[in-house]
Structure formats: structure tokens, C-alpha cells
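Heads up, the thing below is written out as C-alpha cells.
Protein chains in written order, with the numbering used here: chain X, 39 to 397; chain Z, 673 to 932; chain C, 261 to 558.
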């Protein structure tokens, strides 16, 4: 099994102007995406956003009416799935029930007409990678969900594909197993040096594993960024809301020089640098929870502390004023300053807010 | 009160179902030359008689041969049909499926007569072929239904996985799809065997002294004899059925097929 | 990293639907065996019978190709055939009702039975289905009949002087058919009843409903689909049945099926027999249509 191939670099996959329609329904609308070698990319979005359609188009189970999918320099749009040399891990693992683990993993190698010795060697190597070698002669139904998933993985990498696709790979696992598998999956991808794309609706998972995240909505790409860049600068209010980047504030926007502020019920008026090319009437202010300063006060204030909850090393506060709810995050050391139901004063950390287009 | 009535009727129904069969079983042991219940005396001589006289043993083997030939024919016709049904749009599938299941609604007596006319008109002298064709006609919808149900439980992702791994269409079919449905094919064939073994109406038209399935043999015997040997043969069939159903329940848990 | 792709691009035109379609040719090859089989052994024979039904009976040749609807007209106007139709339909309705009345409580008790009783009951109900119809009908030949078990028993006790006429008539055929169809009805009902939400009955009881009201107001309406399916199955089985009416009906009681048989084997009146075949088929078809209409999804 080849380890990191230092020769491999540059663009592995190029998706150009891909469009896909099912009858009247537009599943993918002019998708453009470049994926480099050895990247681990997440397709993230709510259900119906097209992430699975895009994955299946890359795999070859969908036939886009428009555009090109260029894999290692070749346009594969007209190729059958079996000709694309792509490894796929399906959501339900899709292990062949009548075959042992060993046979399952070796299936792709059999299709490539390797000798029995080769097949055995490579299958066992793949199983070693996922640490399941001792279960090689079991059948899928005798394995746990986590084990089945690893067999599916071994099967998909055994023939050294150009690309690895994973459809909600960790969706069926329980929470504990999921965190562990996130780490293992990422490790495996790195050690193999394989380019991988996975689909998920869970942004925590995307952040944990991906080098870059592709956020999709209604068949279009909203933003492509590294996890930190995504949280620091979401492209739109929708993206910010989807990844839960913080408080999204809307209301009467006043421009003052190159600062815009929004007046909230209760009087708090946070603001930030005016953005370029954004319509003032259709803009929202993103104020991350840790950029909202909260101070307990004895004076009368329209803002009350509705709840306070520890969250690891931080404190999650919920401030209420009428219908308005604001979230703040403070160091856990400040717990004693606050009492639920008490009045508080609010301030925005300078430079903490970000104006985003609302669409 | 209402519950009492329900229980009484339920009990009556079960007794009604079982009692006649028990009467046959009982009367098979009678020492008289005619069927009577309660049996007078106790003897196994009618069972011995059944083994040598009346042509029952020959008829049993005839039934086996016919069933075997039917199972083969049904498999050859039915397995490709079930596979073919899986393709195409859902609407095509529904239409084709109703067309294939159509013989289920046709009375056996009608199909038997119709087939017989064509058989005569063809001038062929092969009653075995005629019977087997009739049996296949009756049983193939049941077989296809069973296999189709088994096919449906094979998720598409399995086939897509095979394809993505590089399998050609033939490999997907023979190495992935067919092996997954072996159990339903087996169940379907078992079903066909039972249906063929018990088939009467159509077989009436094609039977002759050379080839006569067991139920027809019994049918003819009844018309001219009241000897308890019929009760003996019937008892053997009833008990076989009972054992078979009990085994199926034990091994497969048939009662779970009716549960949620 | 190696790339082990076979380099043959397909001439796969981009489908307008967006999905990869399996080649149509594959599907018709797979379906050709059954298509041929049905064409030869189903369509051809039935078309022949239909053509026969349009010919005329002749006592010298089997039939005269004088095509017309005369046979059908005769059947639908002649009092004998109308009586036969009425008799057959009456038999169907009677057996259907009796199996429903007997089967419903049995199905209820089966569904409510405990872990040991339920399989036993199901075995008892299913065993007769694996026994061929001749043996199942033979049981009633033995029981009914002037010298049969029942008559002998009753006169033995002294309850009757002369044997009861319980053979060779509507009654004997009906009872034989009830015995034949009861497992079908019971199993149809059981499969529906098992899926009922027990919580509904607990709710009904908590609201104060007595067992009668629960049965009529809740249980039966919820089982309607099963009742419909079972009734359709039984009715069609009965009106098409041949062996049981033939064996138990004697010379005096006939159904459409037994007369059809007679026309083709003894009286050699193939044209009328063929027309009766299509009358029976239409009856089956009409009942199936009626059932789908009555039990359609609302």
C-alpha cells in the first residue's frame, strides 16, 4: 500500500460549471470547485442542498446535463462509475452480505483482474490500515456498525483509487464512536495521502475533519474556506446562521461615516465597519458570542440574564429583552459575577462584529 | 358477554377446521372394508395396502417428477423476469408486474380447459409436458412475487458499491445480485413445489394412466371406492403437511411473518 | 498513486433525465422468457376460447364457425343459466359471509394468544392449506352423505329416523367450501389485526366503551382492509372452485365451473362452455373492480 506519494500534487479534481436537473427540479446550479491532491474536503449543507447530488455526480451515478468533471486531467462525465477508479464509502456501508470481510475488501481488486496472491496481499494490507485484520473471515452481519464502517473503508481504498468519496460516513454511529472515528478517518486519509471528499450536514464534523469546507445551499456553492476562515468570515448571513457562528442581528441600520450600527430593542446598538458591495437594507450584523461583553449591573436595564450554563472552559449566557435573545460566551472564571434573572449591561468588543449580506 | 361469544365462535372454528381431518386420520385405522368413524378395531393394513395397491406410490413419484420439472421451468422463466422487473421506471414496473401476476386471478379450471384445447390442436402427444406447462402457469406468479420481494430488500447502494469498485454489469449480476437473492429463490421454489404437488384442477385434464399425479389418483379412486385405503393415503398427506408446517414454524418462525 | 482505469469511454449520451438509465435492451431480454410463455400458453389459449365462444354448437361437428354473440345472449336470457349464475353467486356470498363470521373471532383470538398458543393455532390453521383439495373435500364426503359419519351418529343416538339430506346440495358444497376457505380468511385477517395499534383499544376502554362498542365501533372499522381482502379472496375462490362442488354437489347441485367442465367433457358443447368461461371471468373481474372501488384510498 503506497504511503504518501510526494509526486502527487496539484489539482486532482476540477468541477466546471456543472448543472444537474431532475425534470423541473434543479439539483446543482453551475457548480465550480477545485480540489487539490491530498485534501480532505467536506461538502456541508442542509438536506436538499445538493451535496449528495454533487458527490454522486463525481462518482458517476448522476449524469449532469451541463459542465465538466475533470479527474486527474480527464473529463469523466461520460464515463461509467466502474471506469472512474474512485473509492466510495456509502452511508449504509453497502457491504456484500454473502461475502466475508476479506472477499468484500478484495472485490475491487478482483474486478481489476489481479492475481490471487496480489489480491490477498493488498486486501490484508487494507484491513491492517483499518485494524480489522483479525476479523477477515467474518461476515458483515456479525460485525458492529463501527466495524462495518471500517470494512467499507478498507474496501474503498484497497485498489488505491484516485479519489475517495464518503457519504455521511459517520452518521449511523453513536456520539462517542463518532468522535473517535473522526480522528481515525483523518489519520487514515493523511497516512495514505489520498484525496477525499465527504458529505455531511453536521458542521462540527466538517470542522473536525476537513481541510476545506464547501458550504452548499439549494444547489449552489455558498462559500469554500478552511474551517477557521469560515467562522471568522462567513460569506453571508445564511452561512453564518447555518454554521452557528454567533448572534445575527437585524433591525434599523444607521450609517455613520464608515460604520454601520443596528439598533436593537433595549437600546444596545452594536456596529462594525461598513462592508463593501452590500445593500444596507439587506444586511445583518454577525456578533459572535465571545465578542459580546456582558457586565452585571445594579442599575435598571432592559436586559436580563435568562440562563447561564457552563460549556467546558467557557460560560454560555443567554440574555433576554422582550423577544430578543442574545448569546454571549465568557470565561468560566467569571461565573460568580452573575445571577440568573439579574440585570446586565451589554457592549460589543471593538472590531468583533461583521456585516453580512442577507439573502 | 361479547367476549364469551367471540371465544366460543373461535373455538368452534378451530374445531370445525381440524375435526374433519381428524375423522379421516381416525377412520384410516378401521378394520372394516369401508370408511367409518369411529373406526372399528385397529389395523395398519390400509397403510400397507396403500404402499402396494391403487397405484399410489407410482402416482407419488409422478407428482415428484412433475414438481421437479415445474420447479426447473419456473426458475428458468421466473428469475430473469424478477430481475427484469427491477429495471425500468416505477410505472413500467407496476404495469408489468400486474401483467405478470394476472394468472393469479384466472380460475384454474378455465386455464386448464384453454390449455387443453391448444394442446389438442397442436397434435402433440406429450401429456407430461402438458401438465408441467399447466403447473408452471399456475405457480410462476407466486414464484416471481417471492423473488421480487427478496430483490426489493437488496438496497441499491450494494449494486452501486459493486459498480464503483469496478464490476462489469455481468459481475454485478452474477457475483452480487443473484447471491443476495438465493434465500428468496429457495423459498419461492419450495412454495412452487408445494403448489405443484397439490395441484388438482388443471392436472385433471392432462392425466392419463401413464402419468397421474397423486391428488388425481386419489380423486379417481374416490369416485368408485369407499375403501379406507383412501383414508390411509390422506392421513399420510395430512400428517406430512402438519410436520412441514410445524418445521417451518420452528425454523423460520412463521408467526413473525404476521407480526408487526 | 496508481491509476488502474480501463480506458474505454462509453458512447453514453447524456440522458435528459439526469440519471444513468440501464439499457432498455437488457430488460426486454430478461422478460422475454415469460413473455413468450404467456403468449403461447395464456394469450393463445384464451383467445382461442374466446373465438370458440362466438361459434355455434353443432351436434355433428364440434362447432360451426358462425360467429356471433348468440351464446352470450342465450346465457344471459335463459332461465337455467341465470339460475346457475344466481346459484354460483349465492354460494359465493354465503361462503364469504360464513367464513367472515367464523374467521373474525378466530383471528382475534389468534392475535391475542400467548407465546405458546399462537404458533400452535397458526400451525393448525395453515396445515389444511398444504393438503390438496381432494383430500380436504374427501373429509366432507365421509362426514356428510346418507351413510356418512354424521347421519350414522345421529341415527345411532336415535335423533333421526331417516338420513338427513346433507349431501349433493347447496348445503354440502357450501360447508365444504367454507372449510376450504376459512384458513384464507383467517390469515388475511390476522395479518391486518397484528398491525393494529393496541393503544387505541386501551384508549377506547379508558373512555368507557364496552366490548360490543369496541368491536363494532373501533375494531371492525380498523380491519376493513383485511375484511375486504379476505372477502375478495374467498369469493373469487368459491365462484371459480371446481373440485369441491364437483365432488360434493352430486348430480343435483352445479356451479358455473362444474357446468363448464361438463360442457367440455360430456355434452361436448364447446361454444356454450367457452361463453360460460368468459362469463365467469367477467364475474371475477367485476368483483375485483368492485373491491378496488369500495376499498380505494380516500
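Note that the Cβ used here is the ideal one computed from N, Cα and C, for glycine as well.
Residue 146 (chain X) reaches chain Z at 837, 838, counting residues in chain order whose Cβ is nearer than 7 Å. Within the same chain, Cβ atoms closer than 6 Å to the Cβ of residue 73 (chain X) are found at 50, 51, 79, the five residues on either side in sequence being excluded. Put simply, the backbone Cα of residue 905 (chain Z) is about 55 Å away from that of residue 189 (chain X).
Ranked by how close their Cα comes to the Cα of residue 275 (chain X), the residues X:153, X:160, X:393 have X:393 in first place. Under a 10 Å Cβ-count criterion, residue 346 (chain C) is classified as exposed, with fewer than 16 other Cβ atoms of the shown protein chains found around its own Cβ.
Taking a beta-carbon distance threshold of 8 Å, residue 332 (chain C) does not count as an interface residue toward chain Z. Look at the beta carbons and you see the segment 222 to 238 of chain X touching the segment 195 to 212 of chain X: at least three pairs across the two are nearer than 8 Å. Assigned with DSSP and collapsed to three states, residue 322 (chain X) falls in strand. Going by C-alpha positions, residue 100 (chain X) is about 8 Å away from residue 92 (chain X). Closer than 8 Å to the CB of residue 830 (chain Z) there is not a single CB belonging to chain C. Sequence-distant Cβ neighbours of residue 102 (chain X) in its own chain, meaning closer than 7 Å and more than five residues away, are 56, 57, 58, 66, 95, 115.
When the beta-carbon positions are compared, residue 483 (chain C) and residue 452 (chain C) come within less than 8 Å of each other. For residue 60 (chain X), the enclosing beta strand (DSSP E) begins and ends at 49 to 60. In this structure, DSSP gives residue 506 (chain C) a helical state, which the three-state scheme calls helix. In terms of beta-carbon proximity, residue 734 (chain Z) stays away from the interface with chain C, with every pair separated by 8 Å or more. Ranked by Cα distance from residue 87 (chain X), the options X:340, X:337, X:63, X:286 are led by X:63. Neighbourhood of residue 531 (chain C) in chain Z, by CB distance below 7 Å: empty, with the nearest CB roughly 12 Å away. As DSSP reads the structure, residue 290 (chain X) sits in a beta bridge with X:301. No Cβ of chain C is located within less than 8 Å of the beta carbon of residue 687 (chain Z). One finds nothing in chain C with a Cβ atom closer than 8 Å to the Cβ of residue 767 (chain Z); even the nearest lies about 12 Å away.
In the three-state scheme derived from DSSP, where H, G and I count as helix and E and B as strand, residue 473 (chain C) is classed as helix. Where residue 331 (chain X) is concerned, the enclosing beta strand (DSSP E) starts and stops at 330 to 334. In the DSSP assignment, residue 104 (chain X) forms a beta bridge with X:57. Our two residues, residue 755 (chain Z) and residue 290 (chain C), have alpha carbons roughly 7 Å apart in a direct line. CA-to-CA, the gap between residue 436 (chain C) and residue 504 (chain C) works out to about 7 Å. Per the coordinates, the alpha-carbon of residue 402 (chain C) lies some 54 Å from the alpha-carbon of residue 180 (chain X). In the structure shown, the three-state DSSP call for residue 285 (chain X) is strand. The beta carbon of residue 512 (chain C) sits closer than 7 Å to the beta carbons of 428, 429 from its chain, once the five residues preceding and following it are set aside; these are given in chain order. Cα atoms of residue 895 (chain Z) and residue 903 (chain Z): separation of roughly 14 Å, rounded to the nearest angstrom.
Excluding sequence positions up to five before and after residue 372 (chain X), its CB lies within less than 8 Å of the CB of 353, all in the same chain and listed in chain order. Residue 387 (chain X) sits exposed, since fewer than 16 C-beta atoms from the chains shown fall within 10 Å of its C-beta. The beta-carbon of residue 833 (chain Z) is placed no less than 8 Å from the nearest beta-carbon of chain C. Using a Cβ distance threshold of 8 Å, residue 132 (chain X) and residue 833 (chain Z) count as a contacting pair. Where residue 917 (chain Z) is concerned, the enclosing alpha helix (DSSP H) starts and stops at 901 to 924. In terms of CA proximity to residue 374 (chain X), X:333 leads the group X:357, X:366, X:333.
Residues 260, 261 of the same chain have their beta carbon placed closer than 7 Å to that of residue 273 (chain X), with the five preceding and five following residues left out of the count.
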